[in-house]
Every structure is written in structure tokens, then in C-alpha cells.
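*Asks:* Note that my numbering has the sequence shown beginning at -16, numbered continuously upward.
Backbone N, C-alpha and C fix where the C-beta goes; we use that ideal spot for every residue, glycine too.
Submitted below is the structure of interest, expressed as C-alpha cells.
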Amino acid sequence: MLLTLFMALLFLVAGQLLFALSLPAAAGFAVPLGVALHLLGGGLAWHSFRRETSAETEAASSRRAQLLAIVAVVGLAGLLRFVWLETLPYRIDGDAAAFAASAANFLRPNPPSLLDTGWQSHTNVYLFLESLSLRLFGHTAFGLRFFSALGGTLSVLAIFALGRSLWNFWVGFWAALITAVLPFHLVFSRVGTEVIHVTWLLPLAILSIWQGWRKNDWRWFLLGGLATGLSQYFYPGARLIPILAVAQIGLLTLFPPEGQRSWRRGGWGLLWLVVGALAIYGPMIPYFIRKPEVYSARISIVSIFSSGWLDRQLEQSPWWLVLINQLRNAYLPFLMPLKGPAIWYVWPQYLGPFDAALFVLGMFGIWAGRQTPRWLKLFLALYLLLGMFLAGVLTIDTPMPSRYVIFLPAVTLCAGYALDRLIRALRQPAAQRALKLSLATGLVCLYLGINLSTYLRHDTEAIWEIDYTGQMATYAARYLQALPDQDFEIFFLKTDLMYYEASPVLAFLTNKPGNNIQKEFDCNVVANVVRKPHTVFIAPEERLDELREMSKRLSMSKLEVLSTPQDKPIVGVLEVWQPAQNAPLCLSPAED
């Protein structure tokens, strides 16, 4: 079994590396050969896992050692999500700034109602929760990102607990460790948006329902309902969670692990699930009944039916080709390279080669293993197949990374299951255990190093080739935020593509409104707009020369041209001070 499993893993990793070659069309053979290697690796994995006949046994380790191990992993997760959170990534995401600006309304004297919606129809309950971090840390990048970093850390703990409950401690441990260092998870944990919270709310709901079934305890079902209801205040994609929760109870009822169906247990479990969900989310339902267009607003924007996208595609291609493209884009982003700017993911696809190989190996192991309960096999299939159909096939711009974050618990649990089985295969004979343990430790350290260095390279270097608007706004806002004198007025030298409101980052970090200047920037314009003792003018790269020229004409000014880590000028900031009484604001050409 050991040789077969490692050969399967080797073929899957090789297939992923070949997929990565196919993005620039460097080799026409890459995709077909990669698919062939995946089929070969999958076949070997299926054959190996089907031969397992022994019952699941927990690896010998003390409770103290297990506790220390999981505390270390959760501590590592928190460290990787909170350290340098203010400056890494340096770029501040526009959506994150818009969330924070809307959340800041709760810090004002007359805050909005909790039973209402804010920016782009997101619930005020979520915005209120984010406002708590702004209250603690202010209008800063750290305050903007704190809540998502906390959610990312909680998800590591929730995924561990689910893996431990479904299988054993080590499946949960490896899944948690993979989640802690997975670049795709790190990117969304540190950005400041709401989507990362589904990665702890969904595992918590699944875990609670499973524990409720195992222990026949209504309190666990109630907790599952509370988690399900709470999730509805967060990301719109969390609407998948109630579907999965009901399906899980249905599958446990139809295919109970103990062998005898219990309709009574399933019925009461469903009842307590609904009670818990309504206890949390019920107060919001009347609002959406009155305003159904608000509830469907986010879905309508991305649906292939309501956006007119499907009609446009059918004008260009036959329906079957449109369907094939949607299926490929929807079901393969974790494995196959993607087109377009990689703002939210690090590798050419969402997972690195080793993570993707473990994910595939784990899926084969769970579905092929004789010890896996039937309900769990069907639930995992429903989770991935139905979820990706709703989040991918039926939406435009597929695959959109934020819509796929909800599948990360399944991805890392499958990978954790694969690692557990690989390490179990290494345990015999005992005489070679120390050597094998050293080798395994070295490989784990290498894996951690590759993932973390890849994430750092993405968020410190690669990201600067993407999202010019967000970068420019970030540099200008961070510079202005650091000025000792914060009593100034902002004017922006507008272009066709860039203006003050183009990115909410400027307004959020400076906590000030801005004014756009479209006409030619000269002394007359400056004289007409400078009203405060301290005024700031911001110019994108296209209008930097105007700032440079004006800085020579002004009697009291300071020009700062800000550049990216690649030394490319990206934005200019000109500070202007009112001169002393009767002194001219602009010098004559002879005085320059």
C-alpha cells in the first residue's frame, strides 16, 4: 500500500506541474499528459484505498501532546494572519475599504438599524461586527483587516475540530496545518473582506449536526442551527450552508452510520436546526420579505440569467459549448491554470501542485475507502458538485475566487485525510520509524516553506503588476495618514480612468471627502481652491508633470512622488500651505 500511495501522489503532483506549464501555451502536450497522469494517479489511489479493510484506529499519543500540537497550529495560524497585518499586503483592497467605510457608520452618533443593509446589500449585522474592530483600532489598515484575520484563524480551529470528529485527531491536525499555511486562505484572511468567515461557520454547522446525531443531543442540533443562521449575515454565498445543513440531516437519516434508520432523530434534529437558525436570522426575514429585491440584489448581479450574460454568450457560441466552458471553469479552478489577473490566488490555479495532489488523493481515499460512512461520501459529493454548480456554472466571471473560498474546508480536510493515510503507511516496520519520521518532518518543513514564501512573493511583488487603481489609492492614503498635520483638504487631479471616488481606500484611510480637478492645473486653479492653511493635491502618474511644474511655482509647497517596490512612480502628493499675510501663493515666472 505504501508504494502504491506514494506513486499515486507522485503522478498527481507531476500532473499538476504539467497543468501549470499549459497556461502560456508553452507546450501543447501539457494538458493531455497532465490529465493522463491524474487518471493514472487516481486509479492507483482508488485501488490502494479499496484494499483497506482494517478498522480506523487512533494513533497513539497523549492528550497533552495532542493539545500542544493543535495549540501550536492555531498559534501559527494566528501569527501568520496578524503579524504585519497593517502593511502586508501593502495594497488595500477597494471592497475591504468600502466595507469598512460602511461599518464606520456605526461609530457615528446616530448609527443605522441592525435590521437593515449597507454597502451593496450586505447586512448591517456584519457591518456592525466589523465596526467593533474599527472602534478598537481606528480608521487604519489593521482595523480594516482585523475581523477577517480573526475569521481566518477561527477557521483553522473549526476545520481541526471537524476533521477530528469525522475521522481522528491526525486528520484534523493535518487539515488545520494545511489551512494555516495555504496561500489561497492566507490571501483572503488578510485582505479585510467578509468571505473568509464561511470557512469557520460551515465547519461549525457540519460538526454540530454530526455531534448531535452521534450523541442524540438536541443542543448540538440547536448549535448547528445557530451557526447556520449566523452565516446568513455574512457572505451571500453562505446561502449554500442551509442547503447543506438540511441535506446532512437527510443523509444521516437515510444512511445512518449505525445502520438502523431513525426518522424520529432526523425529524427532531431538523426541527432544532430550524429553531436555532430562526433564533439568529429570524429578525432579518421580515425586512427581506418587504424588500425581496435587496435579498436577491447580489445574486442578480452575478447570475447568468439576470445579467444578460447568457444571451450574449449564446449569440457567439452554441449552447453546448457555453455549457462545457462553464463546467470546466466551475469545477477545475483548484487544479487547472486560470486566465486573468491573479489578485486573489498565488499559483496559476487556486492550489499549489502538492496541495492539489493531496486534495485529489484525499477525495479518492474518502470515496473509495470501505470505512468511510456512506452518508459522508454522498455529503462530500453534494457539497462540492452542487456547491460549484451554484457558485460556478450558474454565475458569470467563473471562476471568481471569492465564491470558491467556501470549498476550502472540503479541500483541506481531503488533503488532511490523504496525509494521515500516507503517514500511517510509513509506520511499519518500527525499526525504521526514526528515519521515516525525520524524512516526514523534513518534507513538512519544506512544504510549509514553499507555501509561505509563495504567499509572501505574491503579496509583496506579484500583486504590484495588478490593480493600478487600488495601488495608487493605497500609496496616497498611507502617505496622507502618516502626516503629522491632519487638518487638510484633498483635491484630486482627475483622469478619464482615475478620480477620488474610484477607490474607497482614500476616503476610508483619510476619513475625508475629496474634490476632483479635471481642468488644467495652474495657479488660478490653486488660488481658487486653497481655503485652508494646509491643502493636498493628488495626481496619478499621467498628471505628475503638472504637479512637478506647479511645485516650482508655489511659494510654500512640498512634492512627494511615491513609487512601487519596483521603483515605478505611481502617484504624486503635493502639499500646499497658505503663505504669510500679503505674500503671494504663486511666484511669478521671474521668481521661480
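In terms of alpha-carbon separation, which member of L110, A79, F32, L160 lies closest to A55?
*Replies:* The shortest C-alpha separation from A55 is found at L160.
*Asks:* Checking the sheet assignment: what are the DSSP bridge partners for S286?
*Replies:* DSSP output for S286 lists T378 as bridge partner(s).
*Asks:* Could you confirm whether any beta carbon from chain C is found closer than 7 angstroms to the beta carbon of I263?
*Replies:* Among the chains of the structure shown, chain C does not appear; only one protein chain is present.
*Asks:* Three or more C-beta pairs under 8 angstroms: does that hold for the segment 473 to 487 against the segment 199 to 212?
*Replies:* Short answer: they don't touch.
*Asks:* Taking the CB atoms as reference points, tell me whether T493 and A456 lie closer together than 7 angstroms.
*Replies:* Not closer than 7 angstroms, so no.
*Asks:* If you reduce the DSSP assignment to three classes, tell me which class L431 lands in.
*Replies:* It is helical.
*Asks:* Counting along the chain, where does the alpha helix (DSSP H) carrying S534 start and finish?
*Replies:* From DSSP, the alpha helix (DSSP H) with S534 extends over 527 to 536.
*Asks:* On the DSSP bridge list, what partners appear for G249?
*Replies:* In DSSP, G249 forms no bridge with anything.
*Asks:* Residues in its own chain within less than 7 angstroms of S114 by CB, not counting five upstream and five downstream?
*Replies:* For S114, where only same-chain residues beyond five positions count, the Cβ hits under 7 angstroms are A86, A87, F89, L90.
*Asks:* Using DSSP with H/G/I as helix, E/B as strand and the rest coil, what is W358?
*Replies:* DSSP places W358 in helix when its eight states are reduced to three.
*Asks:* For Q469, does the count of other Cβ atoms within 10 angstroms reach 16, so buried, or fall short, so exposed?
*Replies:* Label assigned to Q469: exposed.
*Asks:* Between which two residues does the alpha helix (DSSP H) containing E113 stretch?
*Replies:* Counting along the chain, the alpha helix (DSSP H) containing E113 begins and ends at 107 to 120.
*Asks:* N499 bridges to which residues according to DSSP?
*Replies:* F475.
*Asks:* Locate the beta strand (DSSP E) running through P552, then write down its first and last residues.
*Replies:* Per DSSP, P552 belongs to the beta strand (DSSP E) from 552 to 560.
*Asks:* According to DSSP, is V174 helix, strand or coil?
*Replies:* V174: coil per DSSP, three-state reduction.
*Asks:* Cutting at 7 angstroms between CB atoms, please list the residues of its own chain near P7, excluding the five before and the five after it.
*Replies:* Low confidence applies to P7: its pLDDT is 46, below 50, so where it sits in the model is not reliable enough to give any reading.
*Asks:* With a threshold of 7 angstroms on Cβ separation, who are the neighbours of P316 within its own chain once the five nearest residues in sequence on each side are excluded?
*Replies:* Taken in chain order, the residues that qualify are Q332, Y333, P382, Y387.
*Asks:* For A563, which residues in the same chain have their Cβ closer than 8 angstroms to its Cβ, ignoring the five residues on either side in sequence?
*Replies:* Result list for A563: empty, nothing under 8 angstroms.
*Asks:* Using beta-carbon positions only, say whether L209 and G250 come within less than 7 angstroms of one another.
*Replies:* Result no, Cβ atoms of L209 and G250 do not sit closer than 7 angstroms.
*Asks:* Under a three-way DSSP split, which group does E69 fall into?
*Replies:* Note: E69 maps to coil in three-state DSSP.
*Asks:* Quick check on the burial criterion: 16 or more other C-beta atoms within 10 angstroms. Buried or exposed for F288?
*Replies:* Classification of F288: exposed, given that the 10 Å Cβ count is below 16.
*Asks:* Do you know offhand how far G555's Cα is from E524's?
*Replies:* Rounded to the nearest angstrom, the two C-alpha atoms are 7 angstroms apart.
*Asks:* Name the residue from Y264, I263, A262, W193 whose alpha carbon lies nearest to the alpha carbon of V229.
*Replies:* If we check each option's Cα against that of V229, W193 comes out closest.
*Asks:* Mark G101 as exposed unless 16 or more other C-beta atoms lie within 10 angstroms of its C-beta, in which case mark it buried.
*Replies:* It is buried - the Cβ of G101 has at least 16 other Cβ atoms within 10 Å.
*Asks:* DSSP three-state call for I577: helix, strand or coil?
*Replies:* For residue 577 there is no data in the structure shown, the boundaries of the chain being -16 and 575.
*Asks:* By the three-class DSSP mapping on this structure, what secondary structure does P467 have?
*Replies:* DSSP places P467 in coil when its eight states are reduced to three.
*Asks:* Quick one: give me the first and last residue of the beta strand (DSSP E) that F520 is part of.
*Replies:* 517 to 523 is the extent of the beta strand (DSSP E) around F520.
*Asks:* Put L542 into one of helix, strand or coil per three-state DSSP.
*Replies:* Residue state, collapsed to three classes: strand.
*Asks:* Classify A48 as buried or exposed, calling it buried when 16 or more other Cβ atoms lie within 10 Å of its own Cβ.
*Replies:* It counts as exposed.
*Asks:* Determine which residues share a DSSP beta bridge with C569 and list them.
*Replies:* Answer is L537.
*Asks:* Quick test of the definition: if touching needs 3 or more C-beta pairs under 8 angstroms, does the segment 389 to 400 touch the segment 162 to 179?
*Replies:* Output reads yes: the segment 162 to 179 touches the segment 389 to 400.
*Asks:* Roughly how many angstroms separate the alpha carbons of V(-4) and L402, rounded to a whole number?
*Replies:* In a straight line, the C-alpha of V(-4) is about 14 angstroms away from that of L402.
*Asks:* Using DSSP with H/G/I as helix, E/B as strand and the rest coil, what is T100?
*Replies:* T100 falls in the strand class under three-state DSSP.
*Asks:* Smallest Cα separation from I282: which of Y458, S546, R273, L377?
*Replies:* When each option's Cα is compared against that of I282, the closest is L377.
*Asks:* Please return the same chain residues whose Cβ sits closer than 8 angstroms to the Cβ of R244, not counting the five positions on each side in sequence.
*Replies:* Only T236, L237 meet the Cβ criterion.
*Asks:* In three-state DSSP terms, what is D200?
*Replies:* Note: D200 maps to coil in three-state DSSP.
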